Structure formats: structure tokens, C-alpha cells
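For reference, the structure is listed below as C-alpha cells.
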Amino acid sequence: MEKYLLVCLCFGVLFANSSMDDSKNEILQKQVKAQMEKEKKYAKEQKFYNADQYDFSGAEVNPESVKKIHDIEVEDLDMDDVYD
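Encoded structure:
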């Protein structure tokens, strides 16, 4: 009788361990799948991240035109009334 209980206990432990491995394996597979989706998204947007492929010459600012911009005069900004 004791041997029977010992054998049942051993099989129970092995079965419980295998079911835990299965759940860990499922979690791992879900994480791997999620990471693969992120990698696919990154690969799809990769050309956006590579600035070498874009021509930014149209966005350059002429330094002479910047000199022609007038400074804005700041009026007396008294904020004391706001906090009363």
C-alpha cells in the first residue's frame, strides 16, 4: 500500500510538472509571437527611420531671410493680478 501511494505521488508530481511546463511554454509562445509582430511593424516602418533616403533640401532656411525678421517687442507682462 505504501508503495502504491509513493508511485501515485511520483506520477502526480511528474504530471503537475509537465502541466506547468506546458503553461510556461504557452506564455513563452505568446511573448515570442508578440515580439515577432513588433519586429514586423519595425521592418515595415524602417524606411521612415532611415533619414538617408529623404531629401531635406526643401526644408533648409536661408540665413539672409532670417536676418530680415523683426524682433517682437514684449509688452510689460504683469502677472500679479492673475494670482489675486
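Quick note: the sequence shown uses my numbering, first residue 2, plus one each step.
Even glycine gets a Cβ: it sits at the ideal position worked out from N, Cα and C.
All values derive from a computational prediction rather than experimental measurement.
Review point. Can you tell me the Cα-Cα spacing of K69 and K34, whole angstroms?
Key: 56 Å
Exercise for review: Using three-state DSSP, classify Y43 as helix, strand or coil.
Suggested key: helix
Check your understanding: Over what stretch of residues does the alpha helix (DSSP H) that includes V67 continue unbroken?
Key -> 64-68
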